[in-house]
Amino acid sequence: MEEEIDLYEILSISKGASKAEIKKAYHKAALSHHPDKVAESERAEAEVRFKAASQAYEILYDDEKRHLYDTHGMAAFDPSRGGGMGEGPDINDIFAQMFSGMGFEGGMPGMGGMPGMGGMPGGRRQPRKGQNVEREYEVTLEELYKGKTTRFTNSKQIVCDKCKGSGGKEGAKSHQCSQCNGRGQKAVLRQVGPGLVTQETVPCGTCQGTGEIIPEKNRCKKCKGKKVVDGKNVVELYIPRGARQGDRIVIANEADQKPDQEPGDVIFVIEEASHDTFDRAGADLKADLNITLSEALTGFNRVVLTHLDGRGIQLNVKQPEGKVLRPGQVLKVPGEGMPMKRSDAKGDLYLVVEIEFPEDGWLKDDAAIKRVRDVLPKPEPEDDKPEDIEEVEIEWDVDVEEFGAGSGDPRAGGEWEDDDDEEAGGPQCATQ
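Counted the way full-length UniProt numbering counts, the sequence shown spans residues 1 to 432.
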């Protein structure tokens with residue numbers, strides 16, 4: 001849960017401040033952050049700070065509103081939580097959007113060291129570790145089945161070896177950048193609606209993200225005062241057998257370098273490529289088992305597919321006592337799914353029966369038709385026939401989309417199939 005911004009801190013006053021002290025503090029903050037009193041490049045940020053100071057003053061100067069704030073905090077003024085004052089931008093929303101994830105510690109940046117703001121930094125504070133870099137990496141199902149090791153060239157920034165990351169010649173002095181107060185980065189704000197701003201953090205253009213200004217004549221000739229230079233190295237990426245979609249593989253400390261800071265990690269996020277034969281769910285695999293009508297009726301013994309490691313998978317299906325394979329029937333092959341990480345075990349392979357019917361005209365004469373009829377089971381006798389029977393004509397190979405076409409009925413065409421799918425909760429087997 002986010003910590004609520006303290007209105008007293010915004011105006012740099014104590015919680016016991018008198019109304020006169022509140023007014024004086026507001027005038028000081030308003031003058032400092034008035035949009036007309038700052039440079040054009042800082043105007044958007046000043047507008048947000050000016051609004052925050054104005055709302056803090058509006059609440060704290062009014063005795064009733066101040067009592068509500070002291071009792072309930074900003075929730076007292078949030079309509080979504082039952083508060084009574086819904087006008088004006090919410091201070092917590094404004095500052096949360098401005099400074100969340102920016103890496104600043106000890107208070108809000110850029111407030112000029114105003115007292116009571118929780119020890120804001122006066123200079124550049126380096127995080128203990130640099131930012132991580134995430135990259136998607138597409139891997140085939142075969143590679144995930146067998147595992148993969150690959151080498152690649154990693155481009156990154158490295159600390160300048162000539163100046164050892166100082167940015168200047170030996171003995172050169174620098175001073176703190178006044179544009180970013182030594183932080184090396186600035187919050188660029190953009191108003192997207194009434195009381196709503198978004199922010200993005202960008203390197204300070206004045207100091208090139210270093211937080212320091214080194215006179216040009218004293219700058220390192222190799223890095224031009226930036227303290228880092230472009231570099232490359234070869235790293236090895238190991239993808240274990242059985243890795244899955246979304247798995248994160250970390251290569252430690254291979255992100256950009258900065259002086260006096262541990263480099264971040266390069267993190268590869270596995271993107272599993274789709275496969276022509278197999279679908280995957282967890283450690284299980286699913287594939288179609290394409291057989292002929294003859295095989296469905298009499299059985300078979302043959303290689304039915306090539307597995308991800310190149311092995312042929314042979315099935316010996318015997319049909320005891322006339323057992324028949326039917327379309328959509330599922331056979332399971334235990335232990336022929338995906339490997340499980342850090343284990344010798346594997347998931348299972350599920351085979352969904354698909355029957356290939358003969359081409360038209362495969363029965364050449366009446367004698368052949370009779371032989372098939374004699375072998376196949378006879379239809380059940382019809383015990384209860386209607387008295388009125390009419391023989392009708394049929395049309396072959398009609399598109400189901402013609403069903404109800406032009407009627408405006410939502411069940412027309414293929415909609416009846418879609419309705420069934422929705423009621424069943426959609427497809428039950430999905431690729432992971």
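All C-beta atoms in this analysis are idealised placements derived from N, C-alpha and C, irrespective of residue type, glycine included. Since the model is a prediction, treat every value here as computed from it, not as a measurement.
Counted within 10 angstroms of its Cβ, other Cβ atoms place residue i as buried (16 or more) or exposed
| i | result |
| --- | --- |
| Val202 | exposed |
| Asp279 | buried |
| Ala273 | exposed |
| Arg183 | buried |
| Lys129 | exposed |
| Asp284 | buried |
| Arg151 | exposed |
| Arg219 | buried |
| Ile214 | buried |
| Gly101 | The predicted model places Gly101 with a pLDDT of 38, which falls under 50 and marks its position as unreliable; any figure quoted below should be read in that light. With fewer than 16 Cβ atoms within 10 Å of its Cβ, Gly101 is classed as exposed. |
| Arg49 | buried |
| Gly406 | exposed |
| Lys318 | exposed |
Residue i (DSSP reduced to helix, strand or coil)
| i | result |
| --- | --- |
| Leu7 | helix |
| Pro121 | Annotation note: pLDDT 39 at Pro121 (below 50); position unreliable, coordinate value reported separately. Note: Pro121 maps to coil in three-state DSSP. |
| Cys429 | Reliability of the predicted coordinates at Cys429 is poor, the pLDDT of 45 falling under 50, and the value obtained from them is presented with this limitation in mind. Three-state DSSP puts Cys429 in coil, outside helix and strand. |
| Arg81 | Confidence in Arg81 is poor, its pLDDT being 48 and thus under 50, which makes the residue's placement unreliable; the coordinate value appears in the next sentence. Helix. |
| Ile22 | helix |
| Gly107 | Summary for Gly107: the model assigns pLDDT 38, below 50, so the residue's position carries little reliability, and this model does not support an answer. |
| residue 434 | In the structure displayed, the chain extends from 1 to 432; residue 434 sits before or after that span and is not available. |
| Thr210 | coil |
| Arg135 | strand |
| Asn218 | helix |
| Ser155 | strand |
| Arg66 | helix |
| Glu272 | strand |
| Pro327 | coil |
| Gly165 | coil |
| Lys28 | helix |
| Lys37 | helix |
| Ala187 | strand |
| Phe99 | The predicted position of Phe99 is uncertain, since its pLDDT is 43 and thus under 50; a value taken from the coordinates is nonetheless stated next. If DSSP states are grouped into helix, strand and coil, Phe99 belongs with the helices. |
| Asp93 | Confidence in Asp93 is poor, its pLDDT being 47 and thus under 50, which makes the residue's placement unreliable; the coordinate value appears in the next sentence. In the structure shown, Asp93 sits in a helix (DSSP, three-state: H, G or I). |
| Gly312 | strand |
| residue 496 | Outside the displayed range of the chain (1 to 432) lies residue 496, so it cannot be described from this structure. |
| Pro115 | Residue placement at Pro115 is flagged as unreliable, the pLDDT there being 36, under the threshold of 50; a coordinate-derived value is accordingly withheld. |
Segment limits, beta strand (DSSP E) that includes residue i
| i | result |
| --- | --- |
| Gln55 | Note, Gln55: premise wrong, no beta strand (DSSP E); alpha helix (DSSP H) at Arg43 to Tyr61. |
| Thr292 | Asp284 to Thr292 |
| Ala281 | Asp279 to Ala281 |
| Phe300 | Gly299 to Thr306 |
| Gln319 | Looking at the DSSP string, Gln319 is not in any beta strand (DSSP E), and its letter there is neither H nor E. |
| Val400 | From DSSP, Val400 is part of no beta strand (DSSP E); its letter is neither H nor E. |
| Val234 | Val228 to Ile239 |
| Glu170 | Glu170 -> no beta strand (DSSP E), and no H or E assigned at all. |
| Leu351 | Leu349 to Glu356 |
| Arg248 | Arg248 to Ile251 |
Residue i, enclosing alpha helix (DSSP H) - first and last residue
| i | result |
| --- | --- |
| Asp366 | Asp366 to Val375 |
| Lys146 | Leu141 to Lys146 |
9 Å Cβ cutoff met for residue i and residue j
| i | j | result |
| --- | --- | --- |
| Leu331 | Leu315 | yes |
| Gln208 | Gly225 | yes |
| residue 452 | Cys223 | Because the chain spans 1 through 432 in this model, residue 452 falls outside it and cannot be assessed. |
| Phe268 | Arg241 | no |
| Gln257 | Gln131 | no |
| Ala46 | His33 | yes |
| Leu305 | Gly299 | no |
| Lys354 | Asp288 | The sequence given here has Glu at residue 354, not Lys. Yes. Within cutoff. |
| Ile270 | Tyr137 | yes |
| Glu402 | Gly413 | yes |
| Leu11 | Ile22 | yes |
| Lys227 | Ser166 | yes |
| Cys180 | Gly147 | no |
| Tyr145 | Met338 | yes |
| Thr149 | Glu254 | no |
| Tyr8 | Ala56 | yes |
| Cys204 | Lys217 | no |
Residue i at chain C interface by Cβ criterion, 9 Å
| i | result |
| --- | --- |
| Ser14 | Of the protein chains in this structure there is only one, and it is not chain C. |
Residue i: CB within 8 Å of a non-hydrogen atom of the ligand GDP
| i | result |
| --- | --- |
| Asp276 | For the structure depicted, the ligand GDP is absent and the ligand set is empty, with no information on it obtainable. |
**OP:** Specify whether the region 23 to 34 and the region 51 to 61 touch according to this definition: at least 3 beta carbon pairs, one from each stretch, less than 8 Å apart.
**Re:** yes
Original post:
Using 8 Å as the Cβ pair cut-off and three pairs as the minimum, do the region 333 to 350 and the region 275 to 295 touch?
Top reply: yes
**OP:** Determine, using beta-carbon pairs with one atom in the region 289 to 301 and one in the region 251 to 266, whether at least three such pairs fall under 8 Å.
**Re:** Because the criterion of three Cβ pairs below 8 Å is not met, the region 289 to 301 and the region 251 to 266 do not touch.
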